[in-house]
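Residue numbers (the working numbering): 3 to 191.
Just so you know, even glycine gets a beta-carbon here, dropped at the ideal spot from N, CA and C.
Report on the structure given below.
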Amino acid sequence: MINMQRVYFATGNPHKVEEAKLILRDYNVELMHLNTQRVEIQSSDLVEIAVYSLNQIVKDFKQPVFVEDTGLFINSLNGFPGPFSSYVFKTLGNKGIIKLMKGEADRNALFKTVIAFKESDRDQIKIFIGETLGLISEEIRGVGWGYDPLFIPLEGDGRTYAEMSLEEKNLLSHRFKALKSLGDYLRKV
């Protein structure tokens with residue numbers, strides 16, 4: 003019998019946890035939700051944000067734990083909303099992004115996830131990155147959370163993430179790619 007490795011995902015977002023559980027189960031990882039809110043520094047660098055967040059958590063939490071930070075970088079908006087994606091989503095939402103993109107011919111975008119992981123408070127932080135190139139839809143399509151109803155991955159078949167099943171999305175997503183790298187690392191330790 004193979005032992006499951008218990009790892010905690012520190013996030014206030016239960017949707018991210020569900021996606022991660024599906025991905026990491028193939029790596030014999032028992033993913034636990036560490037429901038936490040943390041101070042997020044203002045930075046243009048997702049790695050810097052994730053490392054800062056993780057360092058806050060590991061002061062008091064001594065188990066294997068990771069945080070992730072994700073940004074949607076839209077070419078025609080000079081990379082906006084980028085690392086401010088969560089705030090922009092809460093304030094403008096998908097309708098606001100559609101409005102900002104009205105008339106834009108360049109709909110190229112990059113979804114990027116950075117995972118910062120630490121096995122214990124004594125270990126070095128490990129960084130895992132996943133990126134997916136795509137396009138911003140001209141309208142909200144499908145039922146999903148976050149920017150999923152707007153993002154059409156280039157590797158896909160023209161559907162937004164929100165028009166896909168969770169399993170389909172997980173094969174293409176930026177989060178999947180970062181979690182796969184984490185899973186490959188955990189399999190070796």
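The Cβ atoms of L184 and F68 sit closer than 9 Å to each other.
Secondary structure of A22 (DSSP, three-state): helix. In the three-state DSSP reduction, E133 falls in the strand class (E or B). Here Y89 is exposed. Its C-beta has fewer than 16 other C-beta atoms within 10 Å. Around the CB of S55, 16 or more other CB atoms lie within 10 Å, so the residue is classed as buried.
With fewer than three CB-CB distances shorter than 8 Å, the segment 36-46 does not count as touching the segment 97-116. Cβ-Cβ distances below 8 Å link D150 to G144, T162, Y163, A164 and K171 in the same chain, with the five nearest sequence neighbours on each side left out; the list follows chain order. By the Cβ rule, the segment 55-64 does not count as touching the segment 16-35, because fewer than three pairs are nearer than 8 Å.
In the DSSP assignment, L188 falls within the alpha helix (DSSP H) that extends over H176 to K190. Burial check for S139: the Cβ neighbour count within 10 Å reaches 16 or more, so the residue is buried.
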